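Okay, structure first, notes after.
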Amino acid sequence: MASATHRDQRGQTVTVAIELSKELFKANLRTVFHFSLGEAGKRDLELMEVTLGKTDPRYETFSLMFRGAREEHLEQRTYDVNHDAIGEFPLFITAVERNDAGTFYEAVFNRLLRAEG
1 MASATHRDQR
11 GQTVTVAIEL
21 SKELFKANLR
31 TVFHFSLGEA
41 GKRDLELMEV
51 TLGKTDPRYE
61 TFSLMFRGAR
71 EEHLEQRTYD
81 VNHDAIGEFP
91 LFITAVERND
101 AGTFYEAVFN
111 RLLRAEG
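Count the sequence shown with full-length UniProt numbering and you get residues 1 to 117, in order.
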């Protein structure tokens with residue numbers, strides 16, 4: 001679980017628990033995520049792909065591929081991310097490719113679904 005914040009109809013900040021699941025991200029493919037750079041502003045990255053990882057009944061494994069501008073490069077680290085439908089949440093990304101289409105970044109999720117016992 002992660003927490004996300006958003007503004008309600010009255011403009012109040014509301015924090016809610018959300019599960020950053022593959023289904024949530026699939027529902028938001030081809031939309032823009034805003035990565036905060038603090039005082040340096042923000043960079044907008046488009047979610048291009050959600051890829052399922054190894055199948056295991058105990059784990060949920062998937063990765064996200066984002067595309068940003070070719071001429072801009074974000075360093076590998078955790079960013080505060082804002083999305084219009086999801087809200088705000090932290091996300092660790094790393095650059096994996098740069099080509100004529102842009103710079104591509106990956107985020108990997110590997111989550112225990114149920115404890116053994």
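Think of the CB as a built atom: it goes at the ideal place given N, C-alpha and C, for glycine as much as any other residue. Computed from a prediction, not measured in an experiment: that's the story for all the values here.
Pair within 7 Å by beta-carbon distance, residue i and residue j
| i | j | result |
| --- | --- | --- |
| Thr-103 | His-83 | no |
| Thr-51 | Gln-76 | no |
| Phe-33 | Phe-62 | no |
| Phe-66 | Leu-45 | yes |
| Thr-78 | Phe-89 | no |
| Gln-68 | Arg-43 | In the sequence as presented, Gln is not what sits at residue 68; that position holds Gly. Yes, they are a contact pair. |
| Leu-113 | Glu-60 | yes |
| Ala-17 | Leu-64 | no |
Residues sharing a beta bridge with residue i, DSSP
| i | result |
| --- | --- |
| Asn-82 | His-34 and Glu-88 |
| Met-48 | Looking at the DSSP assignment, Met-48 forms no beta bridge with any residue, so it has no partner. |
| Arg-58 | In the DSSP output, where bridge partners are listed per residue, Arg-58 has none listed. |
| Leu-64 | Val-50 and Ala-107 |
| Ala-95 | Tyr-105 |
As assigned by DSSP and simplified to three states, the class of residue i
| i | result |
| --- | --- |
| Leu-24 | helix |
| Ala-107 | strand |
| Ala-40 | helix |
| Arg-7 | strand |
| Glu-19 | coil |
| Ala-101 | coil |
| Leu-29 | coil |
| Leu-113 | coil |
| Arg-77 | strand |
Between the CA atoms of residue j and residue i - distance to the nearest angstrom
| i | j | result |
| --- | --- | --- |
| Thr-13 | Arg-7 | 5 Å |
| Gly-41 | Glu-49 | 25 Å |
| Lys-54 | Glu-23 | 16 Å |
| Ala-85 | Phe-35 | 15 Å |
| Arg-98 | Pro-57 | 34 Å |
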